[in-house]
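Peer 1: One structure follows; several queries about it will come next.
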Amino acid sequence: MQSSLQSKLHVAIIMDGNGRWATQRRLPRKIGHRIGVEAVRRVVEAAPKLGIGTLTLYAFSADNWRRPEAEVTALMGLLRRYMRTETARLVRAGVRLTAVGRRDRLPEDLAASIEWAETASLQGQALNLRIALDYSSRDAILQAAAMARGPEDLTREGFSRLLNGEQDYRDVDLLIRTSGEQRLSDFLLWECAYSELHFTDRLWPDFGAEDLETALEEFHGRDRRFGGLVESEERAPAVAVS
Ligand code: IPE
Ligand code: IPE
Ligand code: MG
Numbered sequence: 115m116q117s118s119l120q121s122k123l124h125v126a127i128i129m130d131g132n133g134r135w136a137t138q139r140r141l142p143r144k145i146g147h148r149i150g151v152e153a154v155r156r157v158v159e160a161a162p163k164l165g166i167g168t169l170t171l172y173a174f175s176a177d178n179w180r181r182p183e184a185e186v187t188a189l190m191g192l193l194r195r196y197m198r199t200e201t202a203r204l205v206r207a208g209v210r211l212t213a214v215g216r217r218d219r220l221p222e223d224l225a226a227s228i229e230w231a232e233t234a235s236l237q238g239q240a241l242n243l244r245i246a247l248d249y250s251s252r253d254a255i256l257q258a259a260a261m262a263r264g265p266e267d268l269t270r271e272g273f274s275r276l277l278n279g280e281q282d283y284r285d286v287d288l289l290i291r292t293s294g295e296q297r298l299s300d301f302l303l304w305e306c307a308y309s310e311l312h313f314t315d316r317l318w319p320d321f322g323a324e325d326l327e328t329a330l331e332e333f334h335g336r337d338r339r340f341g342g343l344v345e346s347e348e349r350a351p352a353v354a355v356s
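Per our numbering, residue 115 is the first one in the sequence shown, and the count goes up by one each step.
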């Protein structure tokens, strides 16, 4: 992966609440998904300016196939349209798009659009945009484990490389979930081992650059210890323990 992006933040977002946004307005759920795409545009545009090098967006989980066929079809159509209409803008902005998740169950024209968008945006240096679709973190971990060939693959670094394929991404620094839900829903379980978590009641179609900025401000105020101590605690005089 591009070293300059590797040194910047990795933010992951569980974009939730499209359906409720629509239902609150007595609109069909698919309209919520459609308006949700505008929120994607806003965060992708804002991300590089906020010090984000990698942005992973959860667009469709492996369990979302359980939804009614009409909703799934609408989502697949929106994803295809996003790839086709957004790629030129992404390339201009220096965004490299990659899809994560299974491809073999996607409609053929969507899989083709993804490949086309990935190839067209390959040179992007401003942001790694990863779209997770037909994604399950547990399945991704199982698949990586099945690829392990020796002890060198079964180290933290080696396994991370197996999970990410040829591109290597840093672990998630900040995980955001909208709509008030506070769960991971099988998203980036390995990569979020030490992530800071930010939950907001905002429904995804209402999420904007300011919300991303707020989440990052809060993130920068957190003490990340990774099991150790923060600097000020290390310097504090030891208290005698009897
Ligand atoms: C998130 O919104 C988008 C996808 C899961 C594809 P939802 O569709 O889950 O919206 P709610 O949670 O029903 O409001
Ligand atoms: C997680 O949201 C998947 C995406 C946002 C794409 P869901 O709405 O599907 O998750 P649950 O069912 O509430 O856990
Ligand atoms: Mg939901």
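For every residue, glycine included, the Cβ atom is placed at its ideal position computed from N, Cα and C.
These figures come from a predicted structure and were not determined experimentally.
Looking at the secondary structure, which residues open and close the beta strand (DSSP E) in which Y363 lies?
Peer 2: For residue 363 there is no data in the structure shown, the boundaries of the chain being 115 and 356.
Peer 1: Would you kindly work out how many angstroms separate the C-alpha atoms of S293 and V154, rounded to a whole number?
Peer 2: C-alpha separation (whole angstroms): 15 Å.
Peer 1: Can you name the residues that DSSP bridges to R364?
Peer 2: With the chain represented from 115 up to 356, any question about residue 364 goes unanswered, as that position is not in the structure.
Peer 1: Ligand 1 and W179: does the residue's C-beta get closer than 7 Å to at least one heavy atom of that ligand?
Peer 2: Checking the Cβ of W179 against ligand 1 gives no.
Peer 1: Let me check you understand the geometry: is the CB of R297 closer than 7 Å to at least one non-hydrogen atom of ligand 2?
Peer 2: It does: the Cβ of R297 is within 7 Å (strictly closer) of some heavy atom of ligand 2.
Peer 1: Taking a contact to mean a Cβ-Cβ separation below 8 Å, would you say N178 touches T212 in this structure?
Peer 2: Cβ distance not < 8 Å, so N178 and T212 don't count as in contact.
Peer 1: Rounding to the nearest angstrom, what Cα-Cα distance links R270 and E332 in this structure?
Peer 2: Cα to Cα, the separation comes out at about 28 Å.
Peer 1: List in chain order: all unbroken beta strand (DSSP E) runs of 3+ residues lying wholly within the stretch 121–199.
Peer 2: Segments of the beta strand (DSSP E) lying fully in the stretch 121–199: 123–128 and 166–175.
Peer 1: So, helix, strand or coil for A260, using DSSP?
Peer 2: It is helical.
Peer 1: Tell me where the alpha helix (DSSP H) around A234 begins and ends.
Peer 2: Taken as a continuous stretch (DSSP letters only), the alpha helix (DSSP H) holding A234 covers E222 to A234.
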